[in-house]
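Residue numbers (UniProt numbering): 1 to 285.
Think of the CB as a built atom: it goes at the ideal place given N, C-alpha and C, for glycine as much as any other residue.
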């Protein structure tokens with residue numbers, strides 16, 4: 001049942017993306033992001049259903065997928081009927097689909113060797129090998145190839161990747177926002193060191209203040225940072241992002257970036273990017 005409902009939601013989204021009236025509403029990019037997210041989980045639905053015979057844990061994941069699919073169907077209907085509540089529904093779904101570091105390990109098949117290769121690449125890059133003291137390792141591949149899941153596996157492997165004072169996960173917005181990235185790092189790191197709320201409860205506005213605060217928080221510390229879903233293609237913006245990370249890198253930082261674009265991966269990297277290929281049907285068996 002879950003697979004049928006998600007397929008219906010995908011069909012609705014494809015229809016809306018091709019709708020001229022919807023295109024005039026400036027929601028097309030968000031709809032494409034939602035379609036990609038739903039298409040990413042389709043291959044996992046059968047697997048999750050089978051696991052329910054032995055473990056009830058995937059039930060919550062399946063229910064979440066169904067809820068998102070139903071909301072998507074309703075939202076597309078509202079959009080195509082030009083109903084005003086469509087924008088609010090869309091914003092709610094977008095907030096729900098933002099990625100984080102948590103994943104259902106039981107649903108992951110055939111990515112163990114990829115994870116080990118990425119971990120090996122991070123471990124083999126010693127701080128004194130790069131003058132910036134930073135490693136930026138992009139993971140790139142087609143939509144639905146499992147880039148985010150792979151990054152989650154690496155992020156959560158505290159056995160192989162030890163010695164980090166902080167681990168920070170950021171879902172990058174389609175429009176690259178340096179203030180949002182800086183404030184997110186500050187918020188997550190501040191929470192881990194249990195600082196006073198006047199440092200972590202509100203966002204800083206100026207980049208100078210943000211960079212100063214990051215310098216204070218990360219001084220003498222080592223961090224693992226994941227920037228998930230980087231879409232920015234502008235070479236100037238990418239260089240600014242790399243410069244920002246390099247500034248933080250003198251505090252020792254490993255950065256994993258996921259992107260669909262190989263050119264983006266090449267521009268942002270300090271080490272060879274890692275390509276993720278689509279799994280074959282018998283992978284993991």
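Grouping DSSP H, G and I as helix and E and B as strand, with all else coil, what is residue 262?
-> Helix at residue 262.
Nearest-angstrom Cα distance between residue 243 and residue 225?
-> Going by C-alpha positions, residue 243 is about 15 Å away from residue 225.
Could you tell me whether the Cβ atoms of residue 181 and residue 217 are closer together than 8 Å?
-> For residue 181 and residue 217, no; Cβs fall outside 8 Å.
Selection from 229, 236, 254 that minimises the alpha carbon distance to residue 120 | Residue 254 is the option with its Cα nearest to residue 120.
Of all the options 227, 263, 264, 272, which has the alpha carbon lying nearest to the alpha carbon of residue 257?
-> Out of 227, 263, 264, 272, 227 has the C-alpha closest to the C-alpha of residue 257.
First and last residue of the alpha helix (DSSP H) that includes residue 215?
-> In the DSSP assignment, residue 215 falls within the alpha helix (DSSP H) that extends over 207 to 218.
At what residue ranges does the stretch 143 to 193 contain a whole run of the alpha helix (DSSP H), taking only runs of 4 or more?
-> Taking 4 residues as the minimum length, the alpha helix (DSSP H) runs contained wholly in the stretch 143 to 193 are 147 to 155, 178 to 192, in order along the chain.
Please name the residue in 248, 240, 277 whose C-alpha comes closest to that of residue 268.
-> Closest option to residue 268, Cα to Cα, is 240.
Extent of the continuous beta strand (DSSP E) run through residue 112 = In this chain, residue 112 is not harboured by any beta strand (DSSP E); it is covered by the alpha helix (DSSP H) spanning 112 to 124.
Given a cut-off of 8 Å, decide if residue 69 and residue 42 are closer than it, judged by their beta-carbon atoms.
-> Not closer than 8 Å, so no.
Supposed contact pair residue 140 and residue 221 - C-beta distance, whole angstroms, cut 8 Å | At roughly 28 Å, the Cβ-Cβ gap does not stay under 8 Å, so residue 221 and residue 140 are not in contact.
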